[in-house]
Structures are given as C-alpha cells and as structure tokens.
DNA sequence: TATTAGCACTCTAACACTTAGAGTGCTATT
DNA sequence: AATAGCACTCTAAGTGTTAGAGTGCTAATA
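Chains as they are written, first to last, in our numbering: chain A, 41 to 386; chain B, 41 to 386.
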C-alpha cells in the first residue's frame with residue numbers, strides 16, 4: 041500500500057469537502073467524498089480524517105447525524121493554500137466585456153453594468169465604488185463667469201475625470217482677474233490630489249503676507265466651494281435577486297438582514313475605502329468581518345485603476361459558501377476592463 | 041329603523057375592507073367589519089353586502105371559508121372614489137427633509153437619499169429617476185481646448201444642470217475659431233432642448249450652402265460627440281429590505297421575482313418616462329400594469345420639477361396591498377422637496 | 001500499524017392524521 | 001329589511017410515525 045503524506049491527505053479531503061459543499065449546499069458525508077476519490081479510500085477512513093479536520097476547527101457538523109460543513113477557518117485555509125486559479129470561459133468574458141464596453145453609456149451606466157456583470161457571472165451580489173475624485177490628481181482648471189454672480193469651475197484630473205462646480209459670488213470678478221486666478225491655480229496645483237487642495241491653499245495663505253494675499257484669498261474662495269469637497273463615494277449595487285437563489289436565504293429573515301446590510305452601505309464603503317489602498321484581491325470570510333451584519337457573509341474586493349492610479353474598487357458579497365476561485369478571477373477581469381473603459385470615457 | 045342609502049353603505053363597507061386588509065394583511069371577515077362599525081350592523085347583514093361586492097368583482101375570497109380581500113378593481117374604486125388625503129406627520133416630514141436637504145451631498149447622493157426616504161416612510165420600495173438632460177433647455181455653452189487634440193464642452197441648462205463632454209479632434213481648432221463657434225452656438229441654441237440640438241443643427245446645415253457651411257459643420261462636429269447624447273436615465277432604488285417585511289413575500293420565489301423586476305429597470309424606466317408627461321400622481325394597480333412581471337404589484341409615480349419644468353420622476357412600488365393614501369402624500373412631498381434641493385444644487 | 005467492515009445509534013425531513021377555529025351561506029325569525 | 005342560528009368548509013397548527021442519511025465505535029484485516 042502506498043504511503044501517503046498525512047498532511048497532504050487531509051488537505052485534499054478538506055479541498056474536496058469545500059468544493060462539494062460550495063457546489064451542492066448540503067453537508068457532505070464520508071460516502072460522497074469516497075466516491076469523489078473513486079473509492080481510493082473507504083468512507084470509514086475518511087471519517088477518521090474528518091474527525092481530525094473537525095478537531096482543527098476546519099469543518100463542523102450542523103447536527104450529530106449530518107455531514108460536514110467548512111468553518112470560516114476552513115474556507116480561509118482553502119482560499120490561502122488550496123485554491124487554484126480558475127479561468128473564465130470565452131463566453132463569460134464576452135458577456136462581461138459587452139456589458140462594460142457598451143457604446144453610448146455614461147459613467148453611471150458603466151458602474152451599473154459593472155455591478156451587474158459581477159453578480160451575473162459569480163451569482164452573488166456585486167458592488168462598484170465610483171472613482172474617488174478626492175484621490176484624483178489635479179491637472180487643469182478653467183474658470184469662467186456664467187453670469188454676474190456665479191462662477192463655473194471645471195477641473196480636469198490626470199486620470200481623465202472632469203469635475204464641475206458652480207459658486208455664488210457677491211462681488212463681480214473681472215474677466216481679467218479670473219484669467220490671472222486660473223493661470224495661478226494651474227501652475228500652483230499641479231500634482232496635488234483634489235482632496236488636498238483646500239489644506240494646501242490654506243497653508244499657502246498663511247505663508248504669504250503681502251499684496252498677493254488678497255489675490256490668493258479670492259482664488260481660494262472660488263475653489264473652496266463646498267461642492268468640490270462633497271461626498272463623491274457612491275456604491276452601485278446589483279444582484280439582490282440572484283442572491284435569493286442561494287438556499288442560505290430560504291429563510292426570509294436572513295434575506296432581509298442581508299438586503300439591509302447591502303442597502304446600509306456605510307460598512308461596505310469603509311471596507312472598500314480601506315481595501316483600496318492595497319492592490320489586488322482581498323477576501324473577508326464570515327466572522328473575519330468586523331461589521332456584525334455581515335459576519336455570516338464573505339466579501340471579496342478588488343481595486344481598479346485608471347491611467348495606473350487606483351481610483352476605485354469593486355466587490356462581491358454573498359454567503360461564505362461561494363465560488364471563491366471564480367469570484368476572484370471575475371473581479372480581476374472586471375477591474376481591468378472597468379479601468380480601460382473609464383480611460384476611454386475620459 | 042333608519043333608512044340608509046344602500047350605495048353608500050356598500051361604499052363604506054368596501055372602504056372598511058380595504059383599510060382593514062391593508063392594515064392587517066389577513067382576509068377580513070364579517071365579524072371584524074361589524075366591530076369596526078361598533079356593531080351598527082350585524083355580521084349577517086354585512087355578509088349580504090359582501091356578497092353584493094363580490095358580485096361586482098370588487099372583493100374576493102382566497103378560499104371558501106376565508107374572509108374577503110379587495111380585487112384590483114376594488115383597489116381602483118377605493119383609490120378613485122373613497123380615498124381621503126392623508127397628511128404626513130411633522131416627524132415624517134422632518135425625516136424626509138433631513139434626508140433630502142443634507143449638506144455636503146452631490147446629485148447622486150440626493151437621488152439615493154430621496155429613494156431611501158420613499159421606502160422609509162411608505163414601507164414599500166422607492167425609485168428615483170435622475171433629471172433628464174435631454175429634456176432640459178439649453179442656456180449656455182463654453183468650449184475650450186484642453187490639449188492639441190481635445191476640446192471640452194461645458195453646457196448649462198435653464199434648469200441649472202451642467203453637462204460636460206470631452207471630444208477628440210484630429211486637426212487643431214484655433215482659440216479664435218473656438219470663440220466664434222462658442223458665440224454662434226450660444227446665440228443659436230437658446231431655448232432648444234438638449235435632445236433636439238442634433239436634429240436642429242442638421243436641419244440648419246441643410247439650409248446653409250455658402251462659406252458658412254464649413255464653419256457650421258465644424259461647430260456641429262464638436263457638439264455631436266456621442267457623450268452628449270448618451271443615455272442619461274438612471275434609476276436609483278431603495279427599500280429591497282423593507283419590502284421583505286410584507287407577508288406577500290414570505291415565499292422566497294415571489295421575493296425573487298419582485299427583486300428581479302426592480303433590477304431589470306427597463307419596464308420601470310419606460311413607465312416613468314411615460315408618466316412624466318402628465319403632472320401629479322399616477323397609480324397603476326396590479327393587472328393594470330402591462331408589464332407582466334409586476335402584475336401583482338402596484339406602482340405609484342409622480343413627476344418632479346426644477347424651475348417649473350418637469351425633469352424627472354419618482355415612484356413607489358409594492359404589493360397591491362399598500363397604503364395608497366400615505367404613498368400619494370409622500371410622493372407629492374418628496375417630489376416638491378427634491379425639486380427645491382436640485383434648484384439649490386445648481 | 002493503518003485501514004476497513006459492521007453495527008448500533010441519532011437526527012432530520014417528509015408524510016399522514018387530527019383538531020380547533022374562523023368564516024361562510026342559507027333558512028327561519030323578528 | 002335585518003338578524004340569529006346552524007350546518008358546513010377550509011386552513012393552520014400540532015402530533016406521530018417512518019425512511020434514510022450519516023455518524024462513532026469496535027473488531028477484524030492487510
């Protein structure tokens with residue numbers, strides 16, 4: 041009889057348990073696993089291994105006479121050590137690309153379709169965070185009077201986004217003065233993120249003392265309109281319907297809790313903003329989430345880049361029993377396609 | 041014994057049935073109604089009236105030994121002839137106003153919060169359609185080169201919205217020429233809706249034949265960027281969770297169908313675009329909806345105005361058993377507050 | 001010594017059966 | 001015309017029963 045490394049046998053059985061459970065949503069018994077291995081081991085042997093895995097807190101039994109189900113820790117081990125990358129089919133890629141690169145859609149449309157693409161392919165709910173303007177780098181500004189009391193500022197960022205801001209102004213600013221201010225701001229603000237503009241100008245204001253002060257003050261007033269610093273983090277959501285097909289939500293109460301968590305958005309927003317700083321795919325399984333509302337869910341996030349700068353993030357959320365491999369590849373793919381599309385949109 | 045107009049007694053009993061059923065979600069029997077009228081009539085009498093109402097197809101029995109439930113036709117009669125306007129409480133108004141007039145939010149934020157306000161107060165799902173730019177009236181345009189090959193157009197509308205559009209352009213347009221084009225477009229397009237600009241300029245192009253042609257052609261090319269004519273109709277949605285508290289969705293299958301209908305958006309979009317043309321509240325009960333997916337739901341819509349022009353619409357969707365009176369007043373109130381807020385946002 | 005067959009035991013999910021109660025329609029009475 | 005009384009119907013909830021899936025333990029086996 042061939043000698044098998046016990047460690048590795050435990051691994052492959054855990055792997056089989058996770059994949060079978062993800063697939064069927066029913067606790068998996070020793071018989072099923074034995075068949076999966078074409079009876080290379082007897083159910084009894086597998087039961088022994090299962091007892092070990094349960095000892096290690098990687099799997100558990102919902103009740104005494106049921107099969108095993110992976111624990112959060114079990115999924116974590118699976119994701120970290122067993123998961124092998126899963127490629128998307130041509131068909132799947134084509135569906136995603138069609139949704140994201142649809143002609144004639146504005147940014148909101150693209151965001152909405154990206155979240156729909158996530159949920160459609162992964163069969164869990166999808167989230168997309170809009171490009172964060174505050175993180176975008178200032179490139180160019182144009183100012184002009186639209187009437188006696190209002191000035192329109194148009195700001196371009198290096199990642200290609202445009203931000204408008206109208207401000208009311210009591211005293212009339214001459215065209216000449218406006219041009220000087222425009223020139224000044226353009227030379228001064230290059231390379232600064234939109235979120236930093238305010239504090240940058242304030243600092244500048246403290247340094248300058250002479251006649252330049254009034255000029256600078258006025259320039260700042262024009263820019264410091266609340267509009268520019270408004271919250272620009274919005275979450276697009278899709279997949280409420282498809283999530284309901286999972287048996288974990290057969291109980292309407294759990295379904296409601298899940299939907300409430302999705303609509304609350306605050307928790308997810310802060311998670312995404314946090315995860316955005318690290319590149320690539322991040323996974324939060326069950327109780328690993330600090331947010332108590334999603335402690336029986338898993339959240340997978342991925343940043344996306346426009347012109348090589350991270351400006352936003354996308355996410356998938358569903359029961360801990362999800363196809364992690366697939367979700368990861370889908371998010372990676374969509375992140376990259378979304379970035380490309382946004383570059384094109386300008 | 042006092043003589044009572046039979047017509048009016050039928051009405052008041054139908055009214056009682058509808059209100060009791062909306063309130064309790066259980067088929068209402070003759071005893072309950074009798075108690076509602078403080079036993080002014082006996083259950084037996086009421087049963088006779090109920091038989092009449094059933095004859096008229098205003099109410100029905102889910103099964104032989106159950107109480108009565110209003111039919112679509114019954115709700116319609118109730119809404120048209122029995123419903124009395126319901127005022128919002130101070131508290132409710134304050135919740136709505138806080139949500140909509142929150143400082144530091146951009147348009148998307150306001151839309152999202154408006155839909156949340158609808159669902160929060162009415163306890164059914166809320167929809168908000170973004171301001172339709174195509175319906176907005178052209179007021180002013182500014183054009184400038186952002187680099188050698190790209191021109192940024194900023195269009196202002198009379199309702200106060202701003203629309204950006206960047207276009208790629210092979211040959212360089214001089215600053216002087218750009219100014220001439222700007223002036224031309226500003227004088228020419230005043231009062232035209234954004235949706236009509238393209239056809240207007242095309243018509244103009246056919247009339248002109250001389251040297252002006254090239255100039256006009258160029259102006260049009262700049263404006264006719266696809267971006268300007270992109271789909272700008274987005275639906276914001278909230279209340280998936282709260283809709284789940286209704287017993288009609290105890291069956292997960294119906295819940296899924298409802299969510300699918302909400303996420304599909306196409307049907308709702310066309311309904312809203314249609315309803316927008318008439319002012320005020322419009323109600324679609326159950327089978328009155330052409331869309332088969334929502335034939336067991338009711339949809340209530342209301343347009344909203346910015347600077348006295350209808351630019352968008354809001355809606356509530358839920359089971360036919362909904363508090364029509366309340367939903368109507370909430371939509372009216374939110375429509376008006378939303379309009380005000382958007383005027384302020386500029 | 002590691003694996004496996006056998007067996008008693010446990011728990012769930014499904015089904016059948018029963019019953020209380022809410023509600024009706026009809027008929028006879030006021 | 002309105003109502004009380006009554007037989008009838010249907011549902012929802014509770015109770016028992018059973019089949020079957022799965023386990024852990026022990027003893028046999030390679």
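Glycine residues also receive a C-beta, built at the ideal position from the N, C-alpha and C atoms. A quick note: this is a predicted structure, and the numbers were derived from the prediction, not measured.
Taking C-alpha atoms, which residue in the options lies nearest to residue i?
i: residue 188 of chain A; options: A/214, A/370, A/165, A/73; result: A/214
i: residue 171 of chain A; options: A/184, A/162, A/197; result: A/197
i: residue 65 of chain A; options: A/106, A/83, A/82; result: A/106
i: residue 112 of chain B; options: B/261, B/54, B/375; result: B/54
i: residue 347 of chain A; options: A/373, A/381, A/241, A/363; result: A/381
i: residue 368 of chain B; options: B/328, B/378, B/323; result: B/323
i: residue 309 of chain B; options: B/339, B/293, B/288, B/85; result: B/339
i: residue 374 of chain A; options: A/239, A/356, A/362; result: A/356
i: residue 114 of chain B; options: B/85, B/161, B/94; result: B/94
i: residue 234 of chain A; options: A/173, A/161, A/81; result: A/173
i: residue 226 of chain A; options: B/225, B/186, B/221, B/330; result: B/186
i: residue 159 of chain B; options: B/379, B/87, B/362; result: B/362
i: residue 286 of chain A; options: B/281, B/296, B/289, B/286; result: B/296
i: residue 80 of chain A; options: A/102, A/49, A/98; result: A/49
i: residue 332 of chain B; options: B/344, B/300, B/345; result: B/300
i: residue 274 of chain B; options: B/204, B/169, B/344, B/228; result: B/169
Taking all protein chains shown into account, do 16 or more other C-beta atoms lie within 10 angstroms of the C-beta of residue i, making it buried, or fewer, making it exposed?
i: residue 143 of chain B; result: exposed
i: residue 157 of chain B; result: buried
i: residue 430 of chain B; result: The requested residue 430 of chain B does not occur in the structure, where chain B is confined to residues 41 to 386.
i: residue 278 of chain B; result: buried
i: residue 248 of chain A; result: exposed
i: residue 358 of chain A; result: buried
i: residue 239 of chain B; result: exposed
i: residue 379 of chain B; result: buried
i: residue 377 of chain B; result: buried
Is the separation between the beta-carbon of residue i and that of residue j shorter than 9 Å?
i: residue 25 of chain B; j: residue 360 of chain B; result: Nothing about residue 25 of chain B can be reported from this structure: the residues present for chain B run from 41 to 386 only.
i: residue 182 of chain B; j: residue 192 of chain A; result: yes
i: residue 334 of chain A; j: residue 307 of chain A; result: yes
i: residue 195 of chain A; j: residue 180 of chain A; result: yes
i: residue 342 of chain B; j: residue 165 of chain B; result: no
i: residue 177 of chain A; j: residue 231 of chain A; result: yes
i: residue 100 of chain B; j: residue 108 of chain B; result: yes
i: residue 56 of chain A; j: residue 77 of chain A; result: yes
i: residue 260 of chain A; j: residue 242 of chain A; result: yes
i: residue 110 of chain A; j: residue 58 of chain A; result: yes
i: residue 136 of chain B; j: residue 370 of chain B; result: yes
i: residue 221 of chain B; j: residue 202 of chain A; result: no
By how many angstroms is the C-alpha of residue j removed from the C-alpha of residue i?
i: residue 60 of chain A; j: residue 52 of chain A; result: 12 Å
i: residue 104 of chain B; j: residue 62 of chain B; result: 21 Å
i: residue 350 of chain A; j: residue 132 of chain A; result: 25 Å
i: residue 44 of chain A; j: residue 336 of chain A; result: Bear in mind that a pLDDT of 43 at residue 44 of chain A, under 50, signals an unreliable position, so the number given afterwards is only what the model happens to contain. Computed Cα separation, rounded: 35 Å.
i: residue 199 of chain A; j: residue 116 of chain A; result: 36 Å
i: residue 291 of chain A; j: residue 291 of chain B; result: 9 Å
i: residue 372 of chain A; j: residue 317 of chain B; result: 43 Å
i: residue 42 of chain A; j: residue 138 of chain A; result: Here residue 42 of chain A scores only 36 on pLDDT, less than 50, and its place in the model should not be relied on; the value that follows carries that caveat. Straight-line Cα distance between these residues: approximately 51 Å.
i: residue 257 of chain B; j: residue 125 of chain B; result: 55 Å
i: residue 237 of chain B; j: residue 217 of chain A; result: 33 Å
i: residue 75 of chain B; j: residue 68 of chain B; result: 11 Å
i: residue 167 of chain A; j: residue 70 of chain B; result: 50 Å
i: residue 314 of chain A; j: residue 353 of chain A; result: 10 Å
i: residue 149 of chain A; j: residue 276 of chain A; result: 10 Å
i: residue 118 of chain A; j: residue 47 of chain A; result: 14 Å
i: residue 244 of chain B; j: residue 175 of chain B; result: 21 Å
i: residue 129 of chain A; j: residue 161 of chain A; result: 11 Å
i: residue 330 of chain A; j: residue 294 of chain A; result: 18 Å
i: residue 154 of chain B; j: residue 98 of chain B; result: 34 Å
i: residue 190 of chain A; j: residue 120 of chain A; result: 56 Å
i: residue 127 of chain A; j: residue 312 of chain B; result: 41 Å
i: residue 85 of chain A; j: residue 281 of chain A; result: 41 Å
| Using Cβ-Cβ distances below 9 Å, what residues of the segment 279-300 of chain A are close to chain B? | 279, 280, 281, 282, 283, 284, 285, 289, 290, 291, 292, 293, 295, 296, 297, 298, 299, 300
| request: Residues of the segment 120-148 of chain A with a CB closer than 9 Å to any CB of chain B: list them in chain order, please. | output: Residues 143, 144, 145, 146, 148.
| message | Residues of the segment 298-323 of chain B in Cβ contact with chain A at a cutoff of 7 Å, in chain order, please. | response | Taking 7 Å as the Cβ-Cβ cut-off against chain A, the residues of the segment 298-323 of chain B that qualify are 299, 300, 303.
| request: Closer than 9 Å, Cβ to Cβ, to anything on chain B: give me those residues from the segment 169-184 of chain A, in chain order. | output: The segment 169-184 of chain A vs chain B, Cβ under 9 Å: 170, 179, 180, 182, 184.
| field | Residues from the segment 194-210 of chain B in contact with chain A, defined by Cβ distance under 7 Å | value | 194, 196, 202, 204, 206
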